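Per numbering that gives the first Met the number 0, the sequence shown runs over residues 0 to 190.
All C-beta atoms, glycine included, are put in the ideal place defined by N, C-alpha and C.
Just so it is clear, the structure is predicted and the values come from calculations on it, not from any experiment.
Worksheet: the structure to be examined is printed underneath.
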Amino acid sequence: MFGRGSKTPTQDSSPVEQRPGAKGRPTPKRAAAEAANRRPLVQNDRKLALKRAREERRAEQARVLDAYQTEDQRHLPVRDRGPVRRYVRDLVDRRRNVGQYFLPVAFVVLFLSVLPQTTVVAAIAMYTVLAVLVLDCFLLARTVKTAVAERFGDAAAQERGLRMYAVMRATQMRRMRRPVPKVAHGGTPRS
Numbered sequence: 000m001f002g003r004g005s006k007t008p009t010q011d012s013s014p015v016e017q018r019p020g021a022k023g024r025p026t027p028k029r030a031a032a033e034a035a036n037r038r039p040l041v042q043n044d045r046k047l048a049l050k051r052a053r054e055e056r057r058a059e060q061a062r063v064l065d066a067y068q069t070e071d072q073r074h075l076p077v078r079d080r081g082p083v084r085r086y087v088r089d090l091v092d093r094r095r096n097v098g099q100y101f102l103p104v105a106f107v108v109l110f111l112s113v114l115p116q117t118t119v120v121a122a123i124a125m126y127t128v129l130a131v132l133v134l135d136c137f138l139l140a141r142t143v144k145t146a147v148a149e150r151f152g153d154a155a156a157q158e159r160g161l162r163m164y165a166v167m168r169a170t171q172m173r174r175m176r177r178p179v180p181k182v183a184h185g186g187t188p189r190s
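If you want it as structure tokens, here you go:
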């Protein structure tokens with residue numbers, strides 16, 4: 000009576016009758032539907048999966064490199080997006096920073112420190128350059144904060160990491176900066 004085992008005479012395995020709008024087949028069991036939708040998380044062919052991942056990574060890197068040249072906001076990294084960050088980049092690129100000359104000066108000082116006659120002079124020169132670098136970065140951070148506050152308001156000037164973004168860009172050599180500098184030395188920031 001309540002068992003599952005046997006079919007009753009009213010249950011036959013005849014095909015579903017065709018009526019307008021019917022799908023023409025019985026609804027699949029849930030387990031069969033889930034099994035049909037199941038796909039492996041990792042491809043069975045690992046070489047093909049690695050090749051696809053490598054191609055996708057290269058395509059994304061090409062988009063980012065192109066965005067560094069054109070400043071396309073959609074493909075720039077998040078840290079470089081927005082008009083405030085663009086203005087800060089222009090502020091940094093328009094001035095000569097001590098940080099952009101630090102690496103070449105450090106190599107010269109390192110070479111001088113190898114020579115026994117100039118060890119003390121090299122150490123003094125290195126500490127002097129570091130002190131001037133710290134002072135320059137401090138002044139740059141203040142300049143960025145006031146300029147951004149004037150241009151975009153106090154809320155934009157309080158954005159977290161904005162001054163550090165300017166300092167990190169200022170300590171890179173000009174030709175190594177990404178996005179590429181668009182303002183010449185002494186020029187005015189873009190609007």
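Alpha-carbon to alpha-carbon, residue j and residue i
| i | j | result |
| --- | --- | --- |
| Q157 | V166 | 16 Å |
| N43 | V77 | 34 Å |
| A35 | A58 | 32 Å |
| A121 | K46 | 54 Å |
| L49 | V91 | 40 Å |
| L75 | L109 | 36 Å |
| R168 | R88 | 8 Å |
| P103 | E149 | 35 Å |
| P178 | H184 | 16 Å |
| R37 | D79 | 40 Å |
| K144 | Y86 | 11 Å |
| A155 | R73 | 21 Å |
| A66 | P82 | 15 Å |
| T26 | P19 | 16 Å |
Cβ-Cβ distance between residue i and residue j below 8 Å
| i | j | result |
| --- | --- | --- |
| R93 | G186 | yes |
| Q60 | Q171 | no |
| Y164 | R84 | yes |
| K181 | R174 | no |
| F101 | V133 | no |
| V131 | V107 | no |
Segment limits, alpha helix (DSSP H) that includes residue i
| i | result |
| --- | --- |
| E70 | Unbroken run through E70: none, as it is neither H nor E. |
| P82 | 82–93 |
| R189 | Neither: R189 is in no alpha helix (DSSP H) and is coded neither H nor E. |
| R29 | 29–36 |
Task: Complete alpha helix (DSSP H) runs within the region 110–171 (minimum length 4 residues, chain order) - done: Whole alpha helix (DSSP H) segments, 4+ residues: 118–151, 153–156, 161–169.
Open item on the list: Closer than 8 Å is the cut-off here; do at least three beta carbon pairs connect the region 134–144 with the region 100–117?
Closed with: Taking a cut-off of 8 Å for Cβ pairs, the region 134–144 and the region 100–117 do not touch, as fewer than three such pairs fall below it.
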